[in-house]
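Structure first, then comments.
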Amino acid sequence: MAAKKLNLDNFLPYRLSIASNALSERIAAEYQNRFGLKIPEWRLMAVLGEGKPKTQRELVEATRMDKVTVNRAAKALAERQLIARQAHEVDGRSHHLELTETGWSLYDAIVPAALASETQLESNITAAERATMMAILAKLTAAAEDYA
Numbered sequence: 001m002a003a004k005k006l007n008l009d010n011f012l013p014y015r016l017s018i019a020s021n022a023l024s025e026r027i028a029a030e031y032q033n034r035f036g037l038k039i040p041e042w043r044l045m046a047v048l049g050e051g052k053p054k055t056q057r058e059l060v061e062a063t064r065m066d067k068v069t070v071n072r073a074a075k076a077l078a079e080r081q082l083i084a085r086q087a088h089e090v091d092g093r094s095h096h097l098e099l100t101e102t103g104w105s106l107y108d109a110i111v112p113a114a115l116a117s118e119t120q121l122e123s124n125i126t127a128a129e130r131a132t133m134m135a136i137l138a139k140l141t142a143a144a145e146d147y148a
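Going by the UniProt record's numbering, 8 is the number at position 8 of the sequence shown; the sequence numbering is gapless.
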């Protein structure tokens, strides 16, 4: 019996990965050149920019990045004084991370660029297609979380 072969052009996990990588590469180049940030650093800033201090564990959950990547990104941001660490009031081994004044200034400079990139990307699809895609991505994310 012949083994089945993958058709990568129609293999959903592969196509999602390729699309994600293509977008990340484009954004990475822009953010590195304009703001001196790598993608993991920007992801942390974006989450912290929602306004609530977070622990590294919470950042791992929010960004879906591994602990080492989050730790390195947090260290790089702290060295640039873009984030500050505050001791966790309950767990002395943990720290809350939040944007500093300098971090907020950089965040405020990046957000218009991020929104412009989103607008440019979305110019290729209709509002209905965007809504459908967001719903599908939510379903796929939930399915991946439930994967046994």
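Glycine residues also receive a C-beta, built at the ideal position from the N, C-alpha and C atoms.
Presumed contact (8 Å Cβ cut-off) between Leu59 and Val47, rounded CB distance: What you label residue 59 is simply residue 59 of the sequence shown in a count that begins at 1. What you label residue 47 is simply residue 47 of the sequence shown in a count that begins at 1. Indeed, because the Cβ distance is near 6 Å, the residues count as touching under 8 Å.
Cβ contact check for the segment 12 to 22 and the segment 95 to 107: 3 or more pairs under 8 Å: no
Run of the beta strand (DSSP E) containing Ala76, from where it starts to where it stops: Numbered from 1 along the sequence shown, position 76 holds the residue referred to as residue 76. Counting along the chain, Ala76 falls outside any beta strand (DSSP E), though it belongs to the alpha helix (DSSP H) covering Lys67 to Glu79.
C-alpha gap between residue 152 and Leu44, whole angstroms: Examination of residue 152 is not possible in this model, given that the chain is present from 1 through 148 alone.
Beta-carbon proximity check, Phe35 vs Ile110, cutoff 8 Å: For the purposes of this step, residue 35 is taken as residue 35 along the sequence shown, with counting starting at 1. For the purposes of this step, residue 110 is taken as residue 110 along the sequence shown, with counting starting at 1. Yes; because the gap between Cβ atoms is below 8 Å, this pair is in contact.
Three-way DSSP call (helix, strand, coil) for Glu101 in this model: Position 101 of the sequence shown, counting from 1, holds the residue named residue 101. Of the three classes helix, strand and coil, the one that applies to Glu101 here is helix, per DSSP.
Cβ distance (whole Å) where Leu99 is taken to contact Tyr107 below 8 Å: Indexing the sequence shown from 1 puts residue 99 at position 99. Indexing the sequence shown from 1 puts residue 107 at position 107. Contact holds; Cβ gap of about 6 Å.
Assigned exposure category for Leu8 - 16 Cβ within 10 Å defines buried: Taking the sequence shown and counting its residues from 1, the one referred to as residue 8 is at position 8. Leu8 should be labelled exposed.
Own chain, CB closer than 6 Å to Ser117, minus 5 neighbours either side, in chain order: Your numbering for residue 117 matches position 117 in the sequence shown. Nothing listed; no residue qualifies.
Rounded straight-line distance, which links the Cα of Ala3 to that of Met65: As a first step, residue 65 must be located in the sequence shown, where it is residue number 65. As a first step, residue 3 must be located in the sequence shown, where it is residue number 3. In a straight line, the C-alpha of Met65 is about 34 Å away from that of Ala3.
For Arg64, three-class secondary structure by DSSP: Counting from one through the sequence shown, the residue named residue 64 turns up at place 64. Reduced to three states, the DSSP call for Arg64 is coil.
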